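K.L.:
Number of protein chains: 4
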Amino acid sequence: MTVLDRHDPAGAIAAAAKRCSNWGRWGADDVLGTLNFLDAAKRVEGAALVRRGVSFSLAQSFDADGPQKGWRRRTNPVHTMLDTGLDAERGQGFPHGIGGADDVVFMPLQASTQWDGLGHIFDHGMAWNGRRAGDVVTSGGDGVTGIETVASLIAGRGVLLDVGRAVGEDGELPDGFAITVEHLAATIAAQGGSARVGRGDLLLVRTGRLARARREGWGDYAGGPTPGLSFTTADWLYGTEIAGIATDTWGFEVRPNEFDEAFQPLHQVCIPHIGLFLGEMWDLDALAADCAADGVYEFLLAAGPLPVLGAVGAPVNPLAVK
Amino acid sequence: MTVLDRHDPAGAIAAAAKRCSNWGRWGADDVLGTLNFLDAAKRVEGAALVRRGVSFSLAQSFDADGPQKGWRRRTNPVHTMLDTGLDAERGQGFPHGIGGADDVVFMPLQASTQWDGLGHIFDHGMAWNGRRAGDVVTSGGDGVTGIETVASLIAGRGVLLDVGRAVGEDGELPDGFAITVEHLAATIAAQGGSARVGRGDLLLVRTGRLARARREGWGDYAGGPTPGLSFTTADWLYGTEIAGIATDTWGFEVRPNEFDEAFQPLHQVCIPHIGLFLGEMWDLDALAADCAADGVYEFLLAAGPLPVLGAVGAPVNPLAVK
Amino acid sequence: MTVLDRHDPAGAIAAAAKRCSNWGRWGADDVLGTLNFLDAAKRVEGAALVRRGVSFSLAQSFDADGPQKGWRRRTNPVHTMLDTGLDAERGQGFPHGIGGADDVVFMPLQASTQWDGLGHIFDHGMAWNGRRAGDVVTSGGDGVTGIETVASLIAGRGVLLDVGRAVGEDGELPDGFAITVEHLAATIAAQGGSARVGRGDLLLVRTGRLARARREGWGDYAGGPTPGLSFTTADWLYGTEIAGIATDTWGFEVRPNEFDEAFQPLHQVCIPHIGLFLGEMWDLDALAADCAADGVYEFLLAAGPLPVLGAVGAPVNPLAVK
Amino acid sequence: MTVLDRHDPAGAIAAAAKRCSNWGRWGADDVLGTLNFLDAAKRVEGAALVRRGVSFSLAQSFDADGPQKGWRRRTNPVHTMLDTGLDAERGQGFPHGIGGADDVVFMPLQASTQWDGLGHIFDHGMAWNGRRAGDVVTSGGDGVTGIETVASLIAGRGVLLDVGRAVGEDGELPDGFAITVEHLAATIAAQGGSARVGRGDLLLVRTGRLARARREGWGDYAGGPTPGLSFTTADWLYGTEIAGIATDTWGFEVRPNEFDEAFQPLHQVCIPHIGLFLGEMWDLDALAADCAADGVYEFLLAAGPLPVLGAVGAPVNPLAVK
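Now the structure itself:
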């Protein structure tokens, strides 16, 4: 088991970044990162996993009662109406009795269930594939790796590792619990053959944190203590050649982070160096219950982000079909 | 071929509504409408259509240069940055060299590629399944048939009818062209066996209107003259028992509408009476080119709307996989 | 001193509404309410109070760190940039070296310092001057008494009653402190001749609540316990014929309200029945310090709301000049 | 009369910037620019101009039907309701019959009547007083000269130069008309003694462009051809030591600009070098009519911008009182 020097996040990050770099692997112009691993064969494999025809939305609700507290202006979505049924009953000036309702939303793109884009996180001013951060993302948005570049790609084999159920108590890991490679391996072993993880897969890791928030209230779900991936999983995330990974937590990583002074160090390796797509705030509970019931942890996953032009992250309604 | 009395939209609508009503068909509490037709077997059937593993996003871009002109306050999406790569290069106060970009969007929910929810359109103040419009959609949103109620359901067999290619010239129908049942039948016949349309299918109708806008500029794409479904298709849409239908146009129906004074009369039958899910502003061009090339017009379609709580419509990134 | 029956808010409101009604006083078409009292002579009187030329903004800051917690979707303002100085340094494509920054805001109109419009509050479905609420404010906004109707009017004689200083300890009233007519009279007496209050005046009442929030953090400033006007002041507010009144609190009235089950009962009398303009979340501290120093509690007040068409309230940057 | 070399905007700008620079005039830390000229005596002088007590709002309406066309994402304001009178009539769950309406706005801060802040425009990456643009305005906003720094200051003597009426036909100047120092002098002469312009004054220049837009529709009001200040007025604007200047046009300057290839060259001198406050999209028509009627062109002007924290410009409802 890897031991971290809690006093040296910068050193640990630099070393991991060097070991796990995919820069140049798919050419200097690459904008897809690990989605290069998700090929046509993997989509065929994913589709073949649909046996019962049951589908699950892995999206949390997008609404004003979400967990966001305004950190760096990340608020919850505000949904307002442009027209309502009450207006329609009163009369809206349309002919032949037609009436309508319409609406609008204001929301940070990472307010709820989302994919981080490759322009979301930088390491010392450098973005994915060795580009300068300021050459990629300006006030006009991400002109290089905007989320729209991957809009059509994210459909393939999904696999759930329900670490909360396999390793935790009552299906939940406690806050501050760092999921290591050993925990992932134990979960795979516990779940059996359908839980193998490999090249091109879309990996879902359930911690149980959302289930707890649902039961106890949001509390510090957004940014506070949480179970999550250990920084030490960087090499495994790199080596398995997965196409993407998503969790039921606010920020993918364990919090507090595993260094004395740190902020999301695993992001700093995964996004700019591995080119890995990270999904956050996914709702894995209903899917996990189904997987526990039938013992099958693999499925078709279709999770194309909303293609907001130039976005560095985007909301998504991921559908898992078994 | 059905002949419409151009002078009597109200009469035609009332008659069609009576013939095509699904009110009560799935119980008094139903909120799913024609998505009741999309069952597990249909999802299995859809998944089995994935052979080559090629995927298509059917979403238009969500950006400020879209077609909306502000009609009833429907603007284009406005995407702004909360943090950029330039800020990261300059220093954002985070430890160990991590930097980040983040963003936010303001958008009408029907600004770009979207599903209409069942609370979007009313007939004389009545909503889907016989509810009063004002009991369904208030300023708090759609408390009954909000789009979140169908978030997990829309994955199944998609079928494309490329009427533009089968009936039009150079792949496009002219503005004002009303697609009738005969045109749909001719397209099915021209496309062959993979184009059959039946219970539970998700039907995509391509007119070529978006291809023209892409070539010539948006012009009046949003609300102006357009090819689209004829009012006379109401009974066919009802009788085929499809789960949903989407087009590459702003508003699904032919415009100008086929009555002297009218506004989207087919909506008034389809949404509140049939309970039919309508998709608008979908980009079907790349998929259509692929279908024309391999002669296969059916595919897996995964198109779960973004679950904005209480929304009467919602953006979606539909993925078609063949 | 008036004694309230804590068990009967509805009865107390109805009685006060009857005693204090201005319905019809300025004709059936009136949209100005008590601003009818603010005439040209009053503006001349206000201007004549400018002696030293010192000016005060009575606005709180409009920013994301404000007191709002999302109650009924009232969030704090979210300000984002469309272009920045960093973009300008990098190059924006403009000629001859010009660069620019630009920005956008999303905000509830009552997020910070604001005037309530006459369409903000209703009594049993009735709005100011006896109109039905639904005839006044639809999803299209307030089509009758929208805040734009008073945009040019609100400049005149302002008078500050620093009740916090006159009656409280260390300049602040405690939460739950109901300011009665007696407290107002005592404050006027303590402050001297410049503090007289009469027809057409714009009255500012300082409780000290904002000073405490500034010192201790927002806490429950928005909607929680607070000093404020007692319900029993309704007749005084009516009888003095003031043009408007503003406080340094979230909601003008004392909270908890003075009935067992109640929500802002004084609003229910003041806005729809008196037609009184209420200002909330004003920052009176610097002005109050100046008034305490020179003993002059009257001044020119120019406080025209931002004329958002059809708004039921609007942000304002009130300027007091002495 | 100054002759411009149409081929050399950069040279002309650099020369004017050198002649007209106020950098360092009020110290290295200054954030107020020409508002330093607006002192207490000027406010007393302004207040003394109130004789009749008539007041004018100089704000245009803030609504979705404004002139903006989305240039660089500058849209018109979108105002939506959080609650309406229709909801109140139906019942909102409040006690004792109280009901309420509430609302929200999304708007670029320069969508309608506004003040440009000193962080709005840069010259070769340099901001007001010699600061680097990127040190002043980041994605977090203008951390140095944010509009809140001047919130309390802008009240003083206003003076209207109705150039449209004095020099134009039927009160309007044609598009492309460059207002020179000679035109300003002629207007002052025509209007008489009350129209003198000097140190600390707030100058309003009416072109008639808004009156034409009101009559003929917005057309290209936002960014298209327009009468406006000539680049050659830079030295006069500097030398008069006015505190601010506002026009009834989108962009203060004549358009097309007076160089072959240019974009708002006068801004590039006025904001970063003179430190001059520019107001745009003001509605001067009613005030101008009154001034023409009584022959008095000076008045009290109270025009404090809405203090959106860190904003590089801000909406304002300017009140002129005579």
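Protein chains in written order, with this note's numbering: chain A, 52 to 373; chain B, 52 to 373; chain C, 52 to 373; chain D, 52 to 373. Backbone N, C-alpha and C fix where the C-beta goes; we use that ideal spot for every residue, glycine too. A quick note: this is a predicted structure, and the numbers were derived from the prediction, not measured.
Is C/M332 close to chain A? Criterion is C-beta to C-beta, closer than 8 Å.
P.N.:
Counting from one through the third sequence, the residue named residue 332 of chain C turns up at place 281. By this cut-off, C/M332 is not an interface position.
K.L.:
Along chain D, in chain order, which residues have C-beta atoms closer than 8 Å to that of C/D134?
P.N.:
One-based indexing of the third sequence puts residue 134 of chain C at position 83. R123, listed in chain order.
K.L.:
In angstroms, rounded to a whole number, what distance separates the CA positions of D/R94 and D/L253?
P.N.:
For the purposes of this step, residue 94 of chain D is taken as residue 43 along the fourth sequence, with counting starting at 1. For the purposes of this step, residue 253 of chain D is taken as residue 202 along the fourth sequence, with counting starting at 1. Cα to Cα, the separation comes out at about 11 Å.
K.L.:
Of the residues that make up the segment 175–201 of chain D, which ones have a beta carbon closer than 8 Å to any beta carbon in chain A?
P.N.:
For the segment 175–201 of chain D, which is checked against every Cβ of chain A, the residues closer than 8 Å are S190.
K.L.:
Since C/I293 is in the alpha helix (DSSP H), which residue starts that stretch and which ends it?
P.N.:
Stepping through the third sequence from its first residue, residue 293 of chain C is reached at position 242. Looking at the DSSP string, C/I293 is not in any alpha helix (DSSP H), and its letter there is neither H nor E.
K.L.:
Applying the criterion that 16 or more other CB atoms from any shown protein chain within 10 Å of the CB defines a buried residue, is A/D56 buried or exposed?
P.N.:
On the first sequence, position 5 is the one that residue 56 of chain A refers to. That one is exposed.
K.L.:
If you follow the alpha helix (DSSP H) that B/L261 is in, where does it begin and where does it stop?
P.N.:
For the purposes of this step, residue 261 of chain B is taken as residue 210 along the second sequence, with counting starting at 1. From DSSP, the alpha helix (DSSP H) with B/L261 extends over R260 to E267.
K.L.:
For B/F173 and chain C, any beta-carbon pair shorter than 8 Å?
P.N.:
Position 122 of the second sequence, counting from 1, holds the residue named residue 173 of chain B. Closer than 8 Å: no.
K.L.:
Locate the alpha helix (DSSP H) running through A/V210, then write down its first and last residues.
P.N.:
Here residue 210 of chain A corresponds to residue number 159 of the first sequence, with the count starting at 1. Element bounds for A/V210: not the alpha helix (DSSP H) but the beta strand (DSSP E), A206 to D213.
K.L.:
Considering only C-alpha positions, which residue in the set A/W77, A/R263, A/D153 and A/V214 is nearest to B/T189?
P.N.:
Here residue 189 of chain B is taken as the residue at index 138 of the second sequence, counted from 1. That would be A/D153, whose Cα lies nearest to the Cα of B/T189.
K.L.:
What did DSSP end up calling A/L100 once you bin it into helix, strand or coil?
P.N.:
The count along the first sequence starts at 1 and reaches residue 100 of chain A at position 49. In the structure shown, A/L100 sits in coil (DSSP, three-state: anything other than H, G, I, E or B).
K.L.:
At a cut of 8 Å, does the segment 103–114 of chain B reach the segment 111–120 of chain D through at least three beta carbon pairs?
P.N.:
No: the two stretches stay apart, fewer than three of their Cβ pairs being nearer than 8 Å.
K.L.:
Should C/K16 go down as buried or exposed, given a rule of 16 or more other Cβ atoms within 10 Å for buried?
P.N.:
Coverage of chain C is limited to positions 52 through 373, which leaves residue 16 of chain C absent and any answer about it impossible.
K.L.:
Under a Cβ-count criterion, where at least 16 other Cβ atoms within 10 Å of its own Cβ denotes burial, should A/D81 be classed as buried or exposed?
P.N.:
Taking the first sequence and counting its residues from 1, the one referred to as residue 81 of chain A is at position 30. A/D81 should be labelled buried.
K.L.:
Tell me the DSSP bridge mates of C/E220?
P.N.:
Mapped onto the third sequence, residue 220 of chain C falls at position 169. BP columns for C/E220 point to C/E223.
K.L.:
Here's a check: name, in chain order, each residue in its chain whose Cβ is nearer than 8 Å to the Cβ of A/Q119, leaving out the five neighbours to either side.
P.N.:
Locating residue 119 of chain A in the first sequence gives position 68, counting from the first residue. Around A/Q119: R125, T126, N127, P159, A162 and A273.
K.L.:
Provide the residue span of the beta strand (DSSP E) that contains B/A353, from first to last.
P.N.:
Looking up residue 353 of chain B in the second sequence gives position 302. It spans E349 to A353 - the beta strand (DSSP E) in which B/A353 sits, taken as one unbroken run.
K.L.:
Of all the CB atoms in chain D, is at least one closer than 8 Å to the CB of B/V359?
P.N.:
Counting from 1 along the second sequence, the entry for residue 359 of chain B is found at position 308. Cβ-Cβ to chain D under 8 Å: no for B/V359.
K.L.:
Can you name the residues of chain A whose CB is closer than 7 Å to the CB of D/D138?
P.N.:
Against the fourth sequence, residue 138 of chain D aligns to sequence position 87. Going along chain A in sequence order, the residues near D/D138 (Cβ under 7 Å) are L137.
K.L.:
Specify the secondary structure class of D/G150 as computed by DSSP and reduced to three states.
P.N.:
For the purposes of this step, residue 150 of chain D is taken as the residue at position 99 of the fourth sequence. Of the three classes helix, strand and coil, the one that applies to D/G150 here is strand, per DSSP.
K.L.:
Kindly indicate which three-state DSSP category B/P316 falls into: helix, strand or coil?
P.N.:
Taking the second sequence and counting its residues from 1, the one referred to as residue 316 of chain B is at position 265. B/P316: helix per DSSP, three-state reduction.
K.L.:
Based on Cα-Cα distance, which residue from A/Q319, A/G355, A/V305 and A/L261 lies nearest to B/I149?
P.N.:
For the purposes of this step, residue 149 of chain B is taken as residue 98 along the second sequence, with counting starting at 1. The candidate whose alpha carbon is nearest that of B/I149 is A/Q319.
K.L.:
Identify whether C/Q165 lies in helix, strand or coil by the three-state DSSP scheme.
P.N.:
As a first step, residue 165 of chain C must be located in the third sequence, where it is residue number 114. Correct three-state label for C/Q165: strand.
K.L.:
Under the DSSP definition of a beta bridge, which residues are partnered with B/S106?
P.N.:
By 1-based counting over the second sequence, the position of residue 106 of chain B is 55. In the DSSP output, where bridge partners are listed per residue, B/S106 has B/V372.
K.L.:
Applying the 10 Å Cβ sphere with the 16-neighbour rule, what's the burial state of C/F92?
P.N.:
Here the question's residue 92 of chain C lines up with position 41 in the third sequence. Note that residue 92 of chain C corresponds to Ala in the displayed sequence, not to Phe. Per the 10 Å Cβ criterion, exposed.
K.L.:
Which chain B residues are close to D/A115, counting only those with a beta carbon under 7 Å from its beta carbon?
P.N.:
Position 64 of the fourth sequence, counting from 1, holds the residue named residue 115 of chain D. Within chain B, the residues near D/A115 are G121 and R124.
K.L.:
Output needed for C/D304: all residues of its chain with C-beta closer than 6 Å, excluding positions within five of it in sequence on either side, in chain order.
P.N.:
Along the third sequence, one-based indexing puts residue 304 of chain C at 253. According to the sequence provided, residue 304 of chain C is Glu. The question's Asp does not apply to it. Only G279, L280, Q315 and L317 meet the Cβ criterion.
K.L.:
What whole-angstrom Cβ distance do C/F310 and C/P60 have, given they're in contact under 8 Å?
P.N.:
The sequence position of residue 310 of chain C within the third sequence is 259, counting from 1. The sequence position of residue 60 of chain C within the third sequence is 9, counting from 1. Their Cβ separation, rounded to whole angstroms, is 4 Å, which keeps C/F310 and C/P60 in contact under 8 Å.
K.L.:
Any residues in the segment 60–89 of chain D with a beta carbon nearer than 8 Å to a beta carbon of chain B? Which ones, in chain order?
P.N.:
Listed by position along the chain: nothing, the set is empty.
K.L.:
Determine the closest residue to D/I172 out of C/L288, C/Q143 and C/A206, with distance taken between C-alpha atoms.
P.N.:
Along the fourth sequence, read from residue 1 onward, the residue named residue 172 of chain D stands at position 121. With distances taken between Cα atoms, D/I172 lies closest to C/Q143.
K.L.:
For D/F157, return the contacting residues in chain A, with the cut-off set at a CB-CB distance below 9 Å.
P.N.:
Locating residue 157 of chain D in the fourth sequence gives position 106, counting from the first residue. What D/F157 touches in chain A: V155 and F157.
K.L.:
Following the continuous beta strand (DSSP E) through A/T51, name the residue where it begins and the one where it ends.
P.N.:
The requested residue 51 of chain A is not part of the displayed model; chain A covers only 52 to 373.
K.L.:
Let me check understanding here. Comparing Cα to Cα, which of D/T284, D/L261, D/W122 and D/L288 lies closest to D/G251?
P.N.:
The residue labelled residue 251 of chain D in the question sits at position 200 within the fourth sequence. Nearest C-alpha to D/G251: D/L288.
K.L.:
Taking Cβ to Cβ, would you say C/P356 is nearer than 8 Å to C/V363?
P.N.:
Numbered from its first residue, the third sequence carries residue 356 of chain C at position 305. Numbered from its first residue, the third sequence carries residue 363 of chain C at position 312. In this structure, C/V363 does not lie closer than 8 Å to C/P356 by Cβ.
K.L.:
Got a sec: which bits of the segment 139–152 of chain A sit with their beta carbon under 9 Å from any beta carbon on chain D, in order along the chain?
P.N.:
Residues passing the 9 Å Cβ filter: E140 and R141.
K.L.:
What residues in the segment 206–235 of chain C bring their beta carbon closer than 7 Å to a beta carbon of chain A?
P.N.:
Those residues of the segment 206–235 of chain C that come within reach of chain A (Cβ to Cβ, closer than 7 Å) do not exist; the list is empty.
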